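Chains as they are written, first to last, in UniProt numbering: chain A, 1 to 159; chain B, 1 to 109.
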């Protein structure tokens, strides 16, 4: 999986893509108000800080449970602990939808194979059979080839 | 609900985020204490960040409105950060502008 997406070359400049955030800001503003340019940039920095804050807190929750990978529950707890509980209810809806999507994708991937109606061993066996048949065909072709020509060996020996 | 909120709401409905996952992951990974972050957690952090943007924008433009302005400026965001406890973590990035504080000596209770 490639992470390259034309992001900043310098790790220190790492932040969310400007255009995406600007678009979100524009959507969230009411019709009659605009956001000054430097204020938008400021907001971008705030997003970075927010991500670091939540990630760090989630990591603390994760470590307390003696786990190594930050799980969804850790993030939800972290949000509560940091006073962003009101986000939790809103995030929950998106989270449920997200999980539904994940199981749908997983289901789609597995049906392709199961639709063939053959198990992995059966597939391997049929593959072996196909190879064997091809091999036989190839061998019979090469054994037939010399009988089509007049004996080349005797013709050559006279030279 | 304004039509302009369509994108954020639509994303919530389909279980996606408007923020690119790979970029969010790279930002999280800057913290060397973090060993690993699951993709579901990544998604939750992305969504939470979107709601954060929404909240901060709203709170900021309320101050613009109070000041009868049509443009959200730095000072509006500074006031928002000051007035909300959860935004304390932003006080280093957005130090309060001097004009917000009135000298105590001129005020009498």
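Note that beta-carbon positions come from the ideal geometry of N, C-alpha and C, so glycine has one too. Predicted model, so just to flag it, every value in this text is computed and none were measured.
In the DSSP assignment, find the unbroken alpha helix (DSSP H) run with residue i in it and report its ends.
i                      : result
residue 30 of chain B  : No alpha helix (DSSP H) holds residue 30 of chain B; DSSP gives it neither H nor E.
residue 143 of chain B : Nothing in the structure corresponds to residue 143 of chain B, since chain B is present only between 1 and 109.
residue 63 of chain A  : 37–64
Contact criterion: CB-CB distance below 7 angstroms. Does residue i meet it with respect to chain A?
i                     : result
residue 41 of chain B : yes
residue 44 of chain B : yes
residue 35 of chain B : yes
residue 70 of chain B : yes
residue 63 of chain B : no
residue 21 of chain B : no
If we cut at 7 angstroms on Cβ distances, does residue i have a partner in chain B?
i                     : result
residue 22 of chain A : no
residue 78 of chain A : no
residue 14 of chain A : yes
residue 28 of chain A : yes
residue 72 of chain A : yes
residue 92 of chain A : no
residue 64 of chain A : no
When we look at the beta-carbon of residue i and count the other beta-carbons within 10 Å, is it buried (16 or more) or exposed?
i                      : result
residue 132 of chain A : exposed
residue 35 of chain B  : exposed
residue 79 of chain B  : buried
residue 46 of chain B  : buried
Hey, how far is the Cα of residue i from the Cα of residue j?
i                      : j                      : result
residue 99 of chain A  : residue 15 of chain B  : 8 angstroms
residue 17 of chain B  : residue 64 of chain B  : 28 angstroms
residue 71 of chain A  : residue 52 of chain B  : 20 angstroms
residue 79 of chain A  : residue 125 of chain A : 53 angstroms
residue 94 of chain A  : residue 75 of chain A  : 14 angstroms
residue 89 of chain A  : residue 13 of chain A  : 32 angstroms
residue 17 of chain A  : residue 26 of chain B  : 12 angstroms
residue 72 of chain B  : residue 46 of chain A  : 15 angstroms
residue 118 of chain A : residue 105 of chain A : 21 angstroms
residue 22 of chain B  : residue 43 of chain A  : 20 angstroms
residue 22 of chain A  : residue 48 of chain A  : 14 angstroms
What three-state label does DSSP hand residue i in the structure shown?
i                     : result
residue 70 of chain A : strand
residue 71 of chain B : strand
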